[in-house]
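Notes follow once the structure below has been shown.
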Amino acid sequence: MSAEQAEKWTILRLLEWTTEYFGKSGSDSPRLDAELLLSEARGCERIELYTAFNEEPGDEVRTAFRELVRRRGEGTPVSQLLGRKEFYSLSFRVSEDTLIPRPETEHLVIEALDEFKRQGQSKESLQIADVGTGSGIIAICLAKNLPNARFTAIDISAAALRVAETNAAAHKVQDRIQFIEGDLLAKLPETPTLDMICSNPPYVSEAEYAELDKSVRDFEPRQALVGGPDGTETIVRLIAEALPRLKPGGRLIFELSPMIVDQVIEHLAHVDAAEDVRVIKDLAGHKRIVSVARSQ
1 MSAEQAEKWT ILRLLEWTTE YFGKSGSDSP RLDAELLLSE ARGCERIELY
51 TAFNEEPGDE VRTAFRELVR RRGEGTPVSQ LLGRKEFYSL SFRVSEDTLI
101 PRPETEHLVI EALDEFKRQG QSKESLQIAD VGTGSGIIAI CLAKNLPNAR
151 FTAIDISAAA LRVAETNAAA HKVQDRIQFI EGDLLAKLPE TPTLDMICSN
201 PPYVSEAEYA ELDKSVRDFE PRQALVGGPD GTETIVRLIA EALPRLKPGG
251 RLIFELSPMI VDQVIEHLAH VDAAEDVRVI KDLAGHKRIV SVARSQ
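End of the sequence shown = 296 in the UniProt record's numbering, gap-free, step of one.
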């Protein structure tokens, strides 16, 4: 390779340098991060980079890429740099006001859909609440798969609700989702009108939060993560508020940390209105989702 060739910052060289840099910075997926950010700066699909390895990006692309790399090196999650995240085969807008969707939450969506299939209710006019909706992923994914259902999506953060409303419009389900700013279910009447309540509530303990990765602790909203000193406090409140608002036989399905599952199951054993408690594991074999029915 000549000295002139060695000085060329081609697509391939940019990717190789950035991959090495991100690897040293502690990224779990340095090559993927590099490709996603370069395709964002270049305004192309990631796959297109592979047919342009010898291309030298212009100054505008390199400047945009350099800024993205700098922010990623400081810990900003790739999803926030891109402003979007894939979840359940759909693309969602995200921001610093919302949690970044995680694959584990897909198990909640799957369990909710499976429950309606088991009951033969997938085509019925269902009433469903999504508590702590964040970017709206749970309500929107369910709405895309339950064409006759109507939803109430609740969040304590007005900024998060604005993101959720944008996502609902992008996926053309906004007409079937009512967005409410509130703390858990306090804004809803305490009457048994709901077929299901889904939630990915805050469930991280104060001690766990202190040990979280910087990319989570510094860039995602604390109130969406911390569920109290033990991590169970918000879930206990959720159970108390949810069961009276469910129809008999209706289900509360929520995500939680494997570290607090046993405590939550023990709590449910002493809740008179709770029955048929199920625990669903994630792909790693961790207890991740709890489903509980309101007694008949």
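Here a beta-carbon is modelled for each residue, glycine too, at the ideal position from N, C-alpha and C.
With distances taken Cα to Cα, identify the nearest neighbour of residue 153 among 188, 250, 58.
-> Working through the sequence shown from its first residue, we reach residue 153 at position 153. Nearest of 188, 250, 58 to residue 153, Cα basis: 188.
Answer yes if the segment 112-122 comes into contact with the segment 169-183, meaning at least three C-beta pairs across the two stretches below 8 Å, and no otherwise.
-> no
To which residues of the same chain is residue 1 closer than 7 Å at the C-beta, ignoring the five residues directly before and after it?
-> The residue labelled residue 1 in the question sits at position 1 within the sequence shown. Unreliable placement is indicated for residue 1, whose pLDDT of 39 sits below 50; the coordinate value is still reported in the next sentence. Contacts found: none.
With residue 15 and residue 38 assumed to form a contact (beta carbons below 8 Å), what rounded beta-carbon distance in angstroms separates them?
-> For the purposes of this step, residue 15 is taken as residue 15 along the sequence shown, with counting starting at 1. For the purposes of this step, residue 38 is taken as residue 38 along the sequence shown, with counting starting at 1. Correct: roughly 6 Å between the Cβ atoms.
Output yes or no for whether 8 Å exceeds the beta carbon distance between residue 137 and residue 92.
-> The residue you call residue 137 lines up with position 137 of the sequence shown. The residue you call residue 92 lines up with position 92 of the sequence shown. Cβ atoms of residue 137 and residue 92: closer than 8 Å.
Kindly provide the ranges of any beta strand (DSSP E) runs that are 3 or more residues long and lie completely inside the segment 210-262, ordered along the chain.
-> 226-228, 246-255
Please work out which residues of its chain come closer than 7 Å, Cβ to Cβ, to residue 107, disregarding the five sequence neighbours upstream and downstream, and give them in chain order.
-> Numbered from its first residue, the sequence shown carries residue 107 at position 107. So the qualifying residues of the chain are 280, 282, 288, 289.
Nearest-angstrom Cα separation, counted from residue 191 out to residue 294 | For the purposes of this step, residue 294 is taken as the residue at position 294 of the sequence shown. For the purposes of this step, residue 191 is taken as the residue at position 191 of the sequence shown. Using only the alpha carbons, I get a separation of about 13 Å.
Taking the CB atoms as reference points, tell me whether residue 226 and residue 206 lie closer together than 8 Å.
-> Reading the sequence shown from its first residue, position 226 is the one you call residue 226. Reading the sequence shown from its first residue, position 206 is the one you call residue 206. For residue 226 and residue 206, yes; Cβs fall inside 8 Å.
Since residue 75 and residue 257 are thought to touch, with beta carbons under 8 Å apart, how far apart are those beta carbons, to the nearest angstrom?
-> Translated into positions along the sequence shown, residue 75 becomes position 75. Translated into positions along the sequence shown, residue 257 becomes position 257. Residue 75 to residue 257, Cβ: 22 Å. No contact.
Which value, in whole angstroms, describes the spacing of the CA atoms of residue 19 and residue 212?
-> Working through the sequence shown from its first residue, we reach residue 19 at position 19. Working through the sequence shown from its first residue, we reach residue 212 at position 212. Rounded to whole angstroms, residue 19 to residue 212 spans 24 Å at the Cα level.
Check whether the Cβ of residue 100 sits closer than 7 Å to any heavy atom of the ligand ZN, and report yes or no.
-> Of ligands this structure carries none, so the ligand ZN is not represented either.
In chain order, what residues of the same chain have a beta carbon less than 7 Å from the beta carbon of residue 55, not counting five sequence neighbours either side?
-> Position 55 of the sequence shown, counting from 1, holds the residue named residue 55. Cβ within range, chain order: 10, 11.
Nearest to residue 184 (by Cα), restricted to the options 223, 276, 70, 167 | Taking the sequence shown and counting its residues from 1, the one referred to as residue 184 is at position 184. Nearest C-alpha to residue 184: 223.
Are residue 196 and residue 140 closer than 8 Å when you measure CB to CB?
-> The residue you call residue 196 lines up with position 196 of the sequence shown. The residue you call residue 140 lines up with position 140 of the sequence shown. Taking 8 Å as the Cβ cut-off, residue 196 and residue 140 do not qualify as a contacting pair.
Among the residues of its own chain, which have a CB less than 6 Å from the CB of residue 260, if the five just before and after it don't count?
-> The sequence position of residue 260 within the sequence shown is 260, counting from 1. So the qualifying residues of the chain are 231, 232.
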